[in-house]
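What follows is one structure encoded as structure tokens, with my remarks underneath.
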Amino acid sequence: MPKAAEFLEEALREALKAGASEAIVISDDSLEHMVRFSNNEVTVAKTWITSSLSILLVFNGKRIIAHVEELSSNSIREAIERAKKSAQYLPQPTVEAPLPREGKFTSEVEIQAPDIGEVVHVVEEAIAGSLIEGIDRAAGVATDGISEIHLLSSTGCEGVDRRRGAHLSVRVFSKDGGSGQLAECATAITKINAKALGAEAAQLASVGSKPVEGDEGVYDVVLGPMVVANLFNEVASLASAFYVEAGLSFLAQKMGKQVASPKITLIDDATLLDAPASRLFDGEGTPSKRVTIIKEGVLQ
């Protein structure tokens, strides 16, 4: 199976040949291991190797993206032609935003390829940690993958970035009917303390099996890490210009206004080397940077 990176230059030539005034081609070659477990034992172990191209095309100021997974010269040409035809029906943008120029990026981080044996070991550690007194069974999934991203643009941007990301989710069931779930992510599966995660999920299941009746009223609530992570992931996503312009964001027209407690500051930092999903550059070839979304409750 050919790598997507092998088609970068060809895809860029075809995009310009089709009449695009500007174009960006991004290749993604990835390998991911997945191990699923239930009833305290591994049930599925799989490995995926995937390659794809994303091509951003600009026709008369209108931007459109073509995505190619079946890699061949013909499929690239056909995807570009379909995108060109579809671009005719897009509204003319009111703001012209030229693509970045002459940026060059190369990842300096040495990354080891994931080993499915390590993923299985982490799963076994999670199961062992969860089996405290009163616990019936554990289930969940673990993944560990690596991706190599290449970028090439008609405006002189080039980039190569290699990243690894891992995830472990554990759900534990007690004999009394309680359940507890926790998850953790990292830049490698071996960096996750699976035994501790399983034990903490088991504690939640144990507590959950003994519910008590609460009194009606107003309470201060302490949110756990998983709840906070999901909540602020949505807030950060909806702060993007795409969702604001599409009319899908509750943060529209609130720039500079108080949107949260003064105690809350939300920062998106894609430059952290040891953070999952960090990137050297974005989809247009702009260098990644630390962005403050909310500062002391005020939308920035």
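Under the numbering used here, the sequence shown is numbered contiguously, ending at residue 532. All residues carry an ideal CB built from backbone N, CA and C; glycine is no exception. None of these values were measured; they are calculated from a predicted model.
Does residue i get closer than 8 Å to chain B when you measure Cβ to Cβ?
{"i": "Leu-263", "result": "Among the protein chains of the structure shown there is no chain B, as only one such chain exists."}
Please work out which residues of its chain come closer than 7 Å, Cβ to Cβ, to residue i, disregarding the five sequence neighbours upstream and downstream, and give them in chain order.
{"i": "Lys-278", "result": "Met-266"}
{"i": "Gln-532", "result": "Thr-524, Ile-525 and Ile-526"}
Would you kindly work out how many angstroms separate the C-alpha atoms of residue i and residue j, rounded to a whole number?
{"i": "Leu-429", "j": "Glu-416", "result": "8 Å"}
{"i": "Leu-505", "j": "Val-341", "result": "8 Å"}
{"i": "Lys-336", "j": "Thr-518", "result": "10 Å"}
{"i": "Asp-376", "j": "Gln-324", "result": "42 Å"}
{"i": "Gln-344", "j": "Ala-398", "result": "13 Å"}
{"i": "Leu-322", "j": "Glu-516", "result": "20 Å"}
{"i": "Ile-421", "j": "Thr-338", "result": "24 Å"}
{"i": "Gln-320", "j": "Lys-489", "result": "38 Å"}
{"i": "Ala-502", "j": "Arg-396", "result": "14 Å"}
{"i": "Lys-486", "j": "Pro-494", "result": "15 Å"}
{"i": "Leu-288", "j": "Asn-425", "result": "40 Å"}
{"i": "Ser-481", "j": "Tyr-475", "result": "5 Å"}
{"i": "Gly-251", "j": "Ser-469", "result": "33 Å"}
{"i": "Gly-372", "j": "Val-402", "result": "5 Å"}
{"i": "Ile-359", "j": "Val-444", "result": "28 Å"}
{"i": "Leu-499", "j": "Val-453", "result": "Correcting the residue identity first, residue 499 is Ile in this sequence and not Leu. Cα to Cα, the separation comes out at about 23 Å."}
{"i": "Glu-238", "j": "Asn-462", "result": "37 Å"}
When you compare each of the options to residue i by their alpha carbons, which one comes out closest?
{"i": "Val-459", "options": "Leu-414, Tyr-451 and Thr-419", "result": "Leu-414"}
{"i": "Asn-306", "options": "Asp-500, Ile-367, Glu-254 and Ala-243", "result": "Ala-243"}
{"i": "Ile-348", "options": "Tyr-451, Val-274 and Gly-449", "result": "Val-274"}
{"i": "Lys-407", "options": "Ser-379, Ala-255, Arg-369 and Ala-426", "result": "Arg-369"}
{"i": "Leu-455", "options": "Phe-464, Ala-360 and Leu-263", "result": "Phe-464"}
{"i": "Asp-318", "options": "Ser-304, Val-300, Pro-330 and Phe-291", "result": "Going by the sequence as given, residue 318 is Ser instead of Asp. Measuring from the Cα of Ser-318, the nearest candidate turns out to be Phe-291."}
{"i": "Val-467", "options": "Lys-249, Val-491 and Glu-448", "result": "Val-491"}
{"i": "Thr-419", "options": "Ser-510, Glu-390 and Arg-522", "result": "Ser-510"}
{"i": "Glu-241", "options": "Lys-294, Ser-304 and Leu-263", "result": "Ser-304"}
{"i": "Glu-477", "options": "Thr-326, Leu-263 and Pro-346", "result": "Thr-326"}
{"i": "Phe-513", "options": "Ala-255, Lys-442, Pro-332 and Ser-472", "result": "Pro-332"}
{"i": "Lys-423", "options": "Gly-446, Ser-283, Pro-346 and Ser-284", "result": "Pro-346"}
Under 6 Å Cβ to Cβ from residue i, same chain only, skipping five residues before and after it: list those, please.
{"i": "Ala-374", "result": "Val-267, Val-351, Val-354, Val-355 and Leu-400"}
{"i": "Ile-381", "result": "Asp-260 and Asp-393"}
{"i": "Ala-434", "result": "Ser-362, Ile-364, Ile-367 and Val-404"}
{"i": "Ile-258", "result": "Ser-286 and Leu-383"}
{"i": "Val-276", "result": "Arg-268"}
{"i": "Arg-309", "result": "Glu-246"}
{"i": "Glu-334", "result": "Gly-388"}
Can you give me the start and stop residues for the beta strand (DSSP E) that residue i sits inside?
{"i": "Gln-413", "result": "411-418"}
{"i": "Lys-336", "result": "336-338"}
{"i": "Ser-262", "result": "254-270"}
First and last residue of the alpha helix (DSSP H) that includes residue i?
{"i": "Ser-307", "result": "305-319"}
{"i": "Lys-249", "result": "240-249"}
If you scan the region 356-442 from start to end, which runs of the beta strand (DSSP E) of 3 or more residues do you find wholly inside it? Entirely contained in the region 356-442, the beta strand (DSSP E) runs reaching 3 residues are, in chain order, 367-385, 390-406 and 411-418.
What beta strand (DSSP E) runs, 3 residues minimum, are completely inside the region 460-506? 498-501
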